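For the record, the sequence lines run as chains A and B.
Numbering-wise, the first sequence is residues 1 to 240 according to the UniProt record's numbering.
Numbering-wise, the second sequence is residues 1 to 240 according to the UniProt record's numbering.
Number of protein chains: 2
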Amino acid sequence: MTIPVLEIFGPTIQGEGMVIGQKTMFVRTAGCDYSCSWCDSKFTWDGSEKNNIRKMNAKEILDALIEEGGDRFGHVTISGGNPGLLPQLNNLVDLLHLHGVKVALETQGSKWQSWFTKINELTLSPKPPSSGMQTDFSVLDKIIESLSIEQKGTFSLKIVVFDDADLGYARKVHQRYPTVELFIQVGNDDLEKANEAELLAHLLERYEQLIDQVMADKELKHVRVLPQLHTYLWGNKRGV
Amino acid sequence: MTIPVLEIFGPTIQGEGMVIGQKTMFVRTAGCDYSCSWCDSKFTWDGSEKNNIRKMNAKEILDALIEEGGDRFGHVTISGGNPGLLPQLNNLVDLLHLHGVKVALETQGSKWQSWFTKINELTLSPKPPSSGMQTDFSVLDKIIESLSIEQKGTFSLKIVVFDDADLGYARKVHQRYPTVELFIQVGNDDLEKANEAELLAHLLERYEQLIDQVMADKELKHVRVLPQLHTYLWGNKRGV
């Protein structure tokens, strides 16, 4: 079974979450079971780039990674869409590990895959109310239970926050899984802005507001609050 | 034995290093065995705030933390100066753990303390050539060897980079300790600038340059490249 791929690029830095700053290559898969209102990668599921999807096997993806990144990488991040929909990623994870390459992956946690336990840094990012999506906590419970027993690498929760309802959702998730490291990420509510200086000022202001809220919150003690560094550096550009 | 303290503040976010974004309180101790040319906390060792040093025992520090942070924190970062000079910090670390508070600490790794093994997140930040300091690698070797055997939490290396010689130093440290996670941090070379927009543009430009260099470097595969987020948010202000 092949893997539907929309982007392969790098090395660059991971701009967010548990391995923020990590030197990594990116593989972006097509297809998602969600359609978040503020998704920053709508092209992976809205049909607009249907003709650009490459169906690749694990070996072809590794070759493409090496063509792009040469011998300058030792870490690959698989993102989407929702790569958690694809059982066939098992082969890619194994092949990368065989070549001494570590693998990070991000999924909303709406579906379990047995290969999750092999991921070196797994980010589960359930979506807050502003996304328009509903979290099936029975699925997320099972994923976190399985990972807590079997996970060889590390895993964390990441919640993007746009408003007070989202922060309430983050609080609820933190209470439900108090021992799992929680990253609260400030949402980018302006995916169209091309003026980078204005975007930057706006994003920093929102980051500072979110920090203020979390610092004042006694239920959110053991959390990390982070921006998306790539938007500070490169605005809303793709492929960096 | 009391602890010489210059600052207690928070909760705020940790702006750099292995727990970047972490909600934390800060305790800044006075005194350093180094005098780095670009130190951003010279007041801890240059005598300028000698009269502000409070000699506090562990209980007094905990009380001050609670007075400042109420019930809104579960994490404390001990910084300096070089807190690694102070054997008496053992009591503070134990007292914080007794209260369910996690402890992060940063030191250049010029002196071993047995309580290092209790620190939840220990950052060793040996100083590169631009600092004007010399690293005693025999001491750093022993610290890393001891931590590799005994450390209960996690530890990492962090190197601040201002120029090519510093990046060469980072490469050398990475080769010497290849299994220790390495954070490369962009140096803030403008500690005087008060115009935050100008400082921000300057720091982002330097961050992007450093990213470009590390991405092109095949010897620096398994590294993380990070800025100081607090300078993006609050410029060169103290106590945030």
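C-beta atoms are modelled at their ideal positions from N, C-alpha and C, and glycine is treated no differently.
Predicted, not measured: the structure shown is a model, and the values here were computed from it.
- Among the residues facing chain B, residue 123 of chain A is not included, as its CB has no counterpart in that chain under 8 Å away.
- Among the residues facing chain B, residue 75 of chain A is included, as its CB has a counterpart in that chain under 8 Å away.
- A distance of 8 Å or more separates the beta carbons of residue 223 of chain B and residue 185 of chain B.
- For residue 215 of chain A, the three-state secondary structure derived from DSSP is helix.
- Residue burial annotation: residue 149 of chain A is exposed, with fewer than 16 other C-beta atoms found within 10 angstroms of its C-beta.
- In the DSSP assignment, residue 192 of chain B falls outside any beta strand (DSSP E) and carries neither an H nor an E.
- Distance from the CA atom of residue 225 of chain B to the CA atom of residue 16 of chain A, rounded to whole angstroms, is 12 Å.
- Looking only at A:178, A:176, A:129, the smallest Cα-Cα distance to residue 165 of chain A is reached by A:129.
- Residue 193 of chain A places its beta carbon less than 8 Å from that of residue 236 of chain A.
- The DSSP-derived three-state label of residue 9 of chain B is strand.
- Within a 10 Å sphere around the beta-carbon of residue 30 of chain A sit 16 or more other beta-carbons, which makes this residue buried.
- DSSP, read as helix, strand or coil, puts residue 184 of chain A in strand.
- For the options A:238, A:33, A:1, A:206, the alpha carbon positioned closest to that of residue 111 of chain A is the one of A:33.
- Here residue 66 of chain A is not bridged, per DSSP, to any residue.
- Contact between the segment 131–142 of chain B and the segment 91–102 of chain B is absent, with fewer than three C-beta pairs closer than 8 Å.
- In the assembly as shown, residue 114 of chain B is an exposed residue. Its beta-carbon has fewer than 16 other beta-carbons within 10 Å.
- For residue 86 of chain A, the secondary structure class from DSSP, reduced to helix, strand or coil, is coil.
- Annotation for residue 214 of chain B: 184, 220, 223, 225 place their beta carbon closer than 7 Å to its own, counting only its chain and skipping 5 residues before and after.
- The segment 71–129 of chain B is shown to contain whole alpha helix (DSSP H) runs of 4 or more residues at 89–98, in chain order.
- Cβ neighbours of residue 144 of chain B within its own chain (closer than 6 Å, five residues either side excluded): 177.
- Residue pairing by DSSP places residue 156 of chain B opposite B:123 in a beta bridge.
- Taking a C-beta distance under 8 Å as the contact criterion, residue 147 of chain B and residue 117 of chain B qualify as a contact pair.
- Along the segment 207–223 of chain B, the positions whose C-beta sits under 8 Å from a C-beta of chain A are 207, 208, 211, 214, 215, 216, 217, 218, 220, 221, 222, 223, read in chain order.
- About 29 Å separates the beta carbon of residue 135 of chain A from that of residue 75 of chain A, a gap too long to meet the 8 Å contact definition.
- Cβ atoms of residue 49 of chain B and residue 28 of chain B stay farther apart than 8 Å, at about 10 Å.
- Relative to the Cα of residue 41 of chain A, the nearest Cα in the group A:202, A:191, A:126, A:230 belongs to A:191.
- When rounded, the separation of the alpha-carbon atoms in residue 206 of chain B and residue 102 of chain B is 33 Å.
- Residue 140 of chain A: member of the alpha helix (DSSP H) spanning 137–150, first to last residue.
- Of the candidates B:3, B:168, B:12, B:2, B:12 places its Cα closest to the Cα of residue 238 of chain B.
- Judged by DSSP secondary structure, residue 240 of chain B falls outside any beta strand (DSSP E); it is assigned neither H nor E.
- Within 9 Å of the CB of residue 29 of chain A, no CB atom of chain B is found; the nearest one sits about 23 Å away.
- By alpha-carbon distance to residue 36 of chain B, the top candidate from B:195, B:188, B:211 is B:188.
- Under a criterion of Cβ atoms nearer than 8 Å, the residues of chain B adjacent to residue 21 of chain A are, in order, 20, 183, 224, 225, 226.
- In the three-state scheme derived from DSSP, where H, G and I count as helix and E and B as strand, residue 172 of chain B is classed as helix.
- As computed with DSSP, residue 24 of chain B is found in a beta bridge with B:12.
- Inclusion of residue 84 of chain B and residue 44 of chain B in the CB contact set at 8 Å is not warranted, their separation being larger than that value.
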